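Scroll down for the structure; my scribbles are underneath it.
Number of protein chains: 4
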Amino acid sequence: MSGVNKVILVGHLGKDPEVRHLEGGATVVNFTLATTENYTKDGRKVEQTEWHNVVMWRGLADVAAKFLQKGKLVYIEGKLRTRSYDDREGNKRYVTEIVAENFNMLGRRSDNDTVNQPGAANQGSAKAEEHIADFNSGNAEDDLPF
Amino acid sequence: MSGVNKVILVGHLGKDPEVRHLEGGATVVNFTLATTENYTKDGRKVEQTEWHNVVMWRGLADVAAKFLQKGKLVYIEGKLRTRSYDDREGNKRYVTEIVAENFNMLGRRSDNDTVNQPGAANQGSAKAEEHIADFNSGNAEDDLPF
Amino acid sequence: MSGVNKVILVGHLGKDPEVRHLEGGATVVNFTLATTENYTKDGRKVEQTEWHNVVMWRGLADVAAKFLQKGKLVYIEGKLRTRSYDDREGNKRYVTEIVAENFNMLGRRSDNDTVNQPGAANQGSAKAEEHIADFNSGNAEDDLPF
Amino acid sequence: MSGVNKVILVGHLGKDPEVRHLEGGATVVNFTLATTENYTKDGRKVEQTEWHNVVMWRGLADVAAKFLQKGKLVYIEGKLRTRSYDDREGNKRYVTEIVAENFNMLGRRSDNDTVNQPGAANQGSAKAEEHIADFNSGNAEDDLPF
DNA sequence: TTTT
DNA sequence: TTTT
Numbered sequence: 317m318s319g320v321n322k323v324i325l326v327g328h329l330g331k332d333p334e335v336r337h338l339e340g341g342a343t344v345v346n347f348t349l350a351t352t353e354n355y356t357k358d359g360r361k362v363e364q365t366e367w368h369n370v371v372m373w374r375g376l377a378d379v380a381a382k383f384l385q386k387g388k389l390v391y392i393e394g395k396l397r398t399r400s401y402d403d404r405e406g407n408k409r410y411v412t413e414i415v416a417e418n419f420n421m422l423g424r425r426s427d428n429d430t431v432n433q434p435g436a437a438n439q440g441s442a443k444a445e446e447h448i449a450d451f452n453s454g455n456a457e458d459d460l461p462f
Numbered sequence: 317m318s319g320v321n322k323v324i325l326v327g328h329l330g331k332d333p334e335v336r337h338l339e340g341g342a343t344v345v346n347f348t349l350a351t352t353e354n355y356t357k358d359g360r361k362v363e364q365t366e367w368h369n370v371v372m373w374r375g376l377a378d379v380a381a382k383f384l385q386k387g388k389l390v391y392i393e394g395k396l397r398t399r400s401y402d403d404r405e406g407n408k409r410y411v412t413e414i415v416a417e418n419f420n421m422l423g424r425r426s427d428n429d430t431v432n433q434p435g436a437a438n439q440g441s442a443k444a445e446e447h448i449a450d451f452n453s454g455n456a457e458d459d460l461p462f
Numbered sequence: 317m318s319g320v321n322k323v324i325l326v327g328h329l330g331k332d333p334e335v336r337h338l339e340g341g342a343t344v345v346n347f348t349l350a351t352t353e354n355y356t357k358d359g360r361k362v363e364q365t366e367w368h369n370v371v372m373w374r375g376l377a378d379v380a381a382k383f384l385q386k387g388k389l390v391y392i393e394g395k396l397r398t399r400s401y402d403d404r405e406g407n408k409r410y411v412t413e414i415v416a417e418n419f420n421m422l423g424r425r426s427d428n429d430t431v432n433q434p435g436a437a438n439q440g441s442a443k444a445e446e447h448i449a450d451f452n453s454g455n456a457e458d459d460l461p462f
Numbered sequence: 317m318s319g320v321n322k323v324i325l326v327g328h329l330g331k332d333p334e335v336r337h338l339e340g341g342a343t344v345v346n347f348t349l350a351t352t353e354n355y356t357k358d359g360r361k362v363e364q365t366e367w368h369n370v371v372m373w374r375g376l377a378d379v380a381a382k383f384l385q386k387g388k389l390v391y392i393e394g395k396l397r398t399r400s401y402d403d404r405e406g407n408k409r410y411v412t413e414i415v416a417e418n419f420n421m422l423g424r425r426s427d428n429d430t431v432n433q434p435g436a437a438n439q440g441s442a443k444a445e446e447h448i449a450d451f452n453s454g455n456a457e458d459d460l461p462f
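Residue numbers (this note's numbering), protein chains in the order written: chain A, 317 to 462; chain B, 317 to 462; chain C, 317 to 462; chain D, 317 to 462.
Listed below in structure tokens is the structure:
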């Protein structure tokens, strides 16, 4: 019945997204994301990094495949899913992944350009933003007389 | 550019949703939601309630109109929007609302029945859940061979 | 560096919290939490449950140990942490847990009573709320002349 | 009773934080934050900006006063609070503010330097991160034998 | 293993 | 105006 399963991450990609195309045509993308926490303990600075396995599907995966790269800073919203698989010895193993429902590139626009050539500059992320907007949308209420 | 504007509330409706139908046919629903915080201050228990103005549009509003009522406990996810209007004296005023993107009825199912007659019992919220599921969905990836 | 690692769950405890006391005196509590999602797929209702491993430490664990039980509906906020351990065959394994930073019992107060005897009734959760308030607090700004 | 009131924002400061020191010695900081959403409507790109009133108190305000500036990209977590005040004509008015409980500077470290002189470079934000860590912490469980 |  |  009632349930909420929500994850919010801001971090950097540990590698370029790994892209696969399933038989049905759907795109799936996987990458790791590092979230780092800084705190002081016993007067000393500690930096602690947590690595997350992120999965994106379909349209979101298509956008990610085009615009996300190793090192980019992103905001990700999704849900937790633990799935099992059999390892090489035939033992059941579990992985917990974040199934992304939404993402947002952070940082400077120039950081987000796939290419940064004169004449082409900033096109990349502009399009990315437009596409991401499609996923973020569902807010087209703004045309209402209110 | 990059932006995140997210609100997460769990609270009780202060009144039944007020339903309007716009000329284009879209449904809009408004209600207030109370979130209460308890803490101890100077050794005394304090209960502090915050009131939020919630708006829902279209399909989400239709579901809300059917199943939400004064007193219900609900989880709401949405975004902040401050809009201006002119008061009776013609002065510009501002209100901040939560434009809901998603909601979830909490508590016992029996709490969520509009009617609770023999034969009709539990139909109400069961349908609510099904409908709400439509809005929560976008998770139909589960049919993929993975 | 910059990082956000946040999890928000609303679900039911799958079992009573398992309580341990570490040598230093700190309490640790573990339990599983089910979050259930309902959606319709190909016209049929589907109910999908995800199980989460939740850990609580110290003061939060003490409150949890007193007031949480199998079946309770609870809101939990925390962060993801994946840790490794060696299984019985000496192989490295990984588990992802939600390290709770905050929680909130939902549902009716009567649902939350440990005991419900005349004379003792409601004491349980009333104290729970007071204690939880201590963890939720950090909002003592309210004494300021503003 | 049970309640959750949570806001998560990622956006840019519209102005430098305005700092006040209350009689008791507590620091209060106010600033506006812009969150921008991009979407396509009727095939045209739309950029919509929402402005939020953010308040920070005490230690968090001290850190903000030192390190936040107009234009910075920041992640903020807090709660909604609507308070009333009397305008110049003696009429009751309401403002909704985000009372921040936590924040995180995003973007490149170099973006976060208050000063960027040779020899002093990067000191600013490094210290900011250390201090912010103090507020983010409460995760000192890591010293436990587990 | 929860809940509806 | 909710809820406990």
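Every residue, glycine too, gets a C-beta built ideally from N, C-alpha and C. Because the structure is a prediction, the values reported are computed rather than measured.
In terms of alpha-carbon separation, which member of the options lies closest to residue i?
| i | options | result |
| --- | --- | --- |
| Val323 of chain B | D:Arg397, D:Val371, D:Gly387 | D:Arg397 |
| Ser318 of chain D | B:Val326, B:Val320, B:Asn321, B:Ser318 | B:Val326 |
| Trp367 of chain A | C:Asn321, C:Arg336, C:Gln385, C:Thr352 | C:Asn321 |
| Ser400 of chain D | B:Gly394, B:Arg399, B:Val411 | B:Val411 |
| Arg336 of chain A | A:Arg374, A:Glu417, A:Val345, A:Ile392 | A:Val345 |
| Leu376 of chain C | C:Lys361, C:Lys388, C:Asp403, C:Ile392 | C:Ile392 |
| Glu339 of chain A | A:Arg374, A:Lys331, A:Leu349 | A:Arg374 |
| His372 of chain C | C:Met421, C:Gly423, C:Ala416, C:Leu422 | In the sequence as displayed, the identity of residue 372 of chain C is Met instead of His. If we check each option's Cα against that of Met372 of chain C, C:Ala416 comes out closest. |
| Thr351 of chain C | C:Thr343, C:Leu389, C:Gly341 | C:Leu389 |
| Leu349 of chain C | C:Phe419, C:Asn369, C:Asn407 | C:Asn369 |
| Ile414 of chain C | A:Gly387, A:Lys395, A:Asn420 | A:Lys395 |
| Gly387 of chain A | A:Gly341, A:Gln364, A:Asn407, A:Met421 | A:Met421 |
| Phe419 of chain B | B:Asn354, B:Gly406, B:Ala381, B:Thr356 | B:Ala381 |
| Pro333 of chain B | B:Ala342, B:Asn354, B:Leu384 | B:Leu384 |
For the beta strand (DSSP E) containing residue i, list its first residue and its last residue.
| i | result |
| --- | --- |
| Asp402 of chain D | 389 to 402 |
| Lys357 of chain A | 343 to 357 |
| Gly464 of chain B | Chain B is shown only over 317 to 462; residue 464 of chain B falls outside these bounds and no answer can be derived. |
| Lys386 of chain B | Per DSSP, Lys386 of chain B belongs to no beta strand (DSSP E) and is neither H nor E. |
| Asn407 of chain A | Premise fails: Asn407 of chain A is in no beta strand (DSSP E) and is neither H nor E. |
| Glu339 of chain A | Taken as a continuous stretch (DSSP letters only), Glu339 of chain A belongs to no beta strand (DSSP E), as it is neither H nor E. |
Could you name the residues of chain B that residue i contacts, counting a contact when the two beta carbons are closer than 9 Å?
| i | result |
| --- | --- |
| Trp367 of chain D | Thr398 |
| Leu325 of chain D | Gly319, Val320, Asn321, Lys322, Leu396 |
For residue i, which residues in chain D fall below 8 Å Cβ to Cβ?
| i | result |
| --- | --- |
| Gly394 of chain A | Within 8 Å Cβ-Cβ: nothing; Gly394 of chain A doesn't reach chain D, min ~14 Å. |
| Leu422 of chain C | Ser318 |
| Leu349 of chain A | Per Cβ cutoff of 8 Å: no residues; Leu349 of chain A is ~14 Å from chain D at best. |
| Leu466 of chain A | Residue 466 of chain A lies beyond the range of chain A shown here (317 to 462); nothing can be said about it. |
What residues of chain A sit near residue i, judged by a beta carbon separation below 7 Å?
| i | result |
| --- | --- |
| Thr356 of chain C | Ordered by position in chain A, no residue passes the 7 Å Cβ test against Thr356 of chain C, which lies about 15 Å from the chain. |
Please compile the residues from chain D whose C-beta is within a distance smaller than 7 Å of the C-beta of residue i.
| i | result |
| --- | --- |
| Thr343 of chain B | Those do not exist, as Thr343 of chain B stays about 20 Å from chain D at its closest Cβ, beyond 7 Å. |
Check residue i in the structure and name its three-state DSSP category.
| i | result |
| --- | --- |
| Met421 of chain A | strand |
Legend entry - Unbroken stretches of the alpha helix (DSSP H), 4 residues or longer, contained in the region 359 to 383 of chain B: 374 to 383
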